[in-house]
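A.B. asks:
In the numbering used here, the protein residues as written are -13 to 86.
See the structure below:
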């Protein structure tokens, strides 16, 4: 959840601690799915392409969520999101480069 507070004449959105934790948990779930599908893809070649593609979609959705949260969080939260973004991008790259 992103909460807002109002200064005179403007509205600023701030990410709550819980919203960051929820985002990071969803990202971790996408990473687990990606790793599982990567391992399966390395073993099975072209079997299970739909699950592999779905997992790539989850990774992209997680990256999109990180990007949405980025603008509304503080410095410490940005550090957490940056580390998660790097992990998500690395998994995406690994899955793209896998000859399955």
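For every residue, glycine included, the Cβ atom is placed at its ideal position computed from N, Cα and C.
With distances taken from CA atoms, which of 4, 17, 1 is nearest residue 72?
C.D. replies: 17
A.B. asks: Residue 78: which of 40, 29, 11 sits nearest, CA to CA?
C.D. replies: The option with the nearest alpha carbon to residue 78 is 40.
A.B. asks: For residue 57, which residues from the same chain have a beta carbon less than 7 Å from its beta carbon, with the 5 sequence-adjacent residues on both sides left out?
C.D. replies: none
A.B. asks: What is the DSSP secondary structure of residue 85, reduced to helix, strand or coil?
C.D. replies: coil
A.B. asks: DSSP on residue 41, reduced to helix/strand/coil?
C.D. replies: helix
A.B. asks: Is it true that the region 45 to 54 meets the region 6 to 22, where meeting means three or more beta-carbon pairs spaced less than 8 Å apart?
C.D. replies: Because the criterion of three Cβ pairs below 8 Å is met, the region 45 to 54 and the region 6 to 22 touch.
A.B. asks: Out of 76, 83, 64, point me to the one whose CA is closest to residue 2's CA.
C.D. replies: 64
A.B. asks: Can you have a look at residue 19 and say buried or exposed, based on whether 16 or more other CB atoms are within 10 angstroms of its CB?
C.D. replies: So residue 19 ends up on the buried side.
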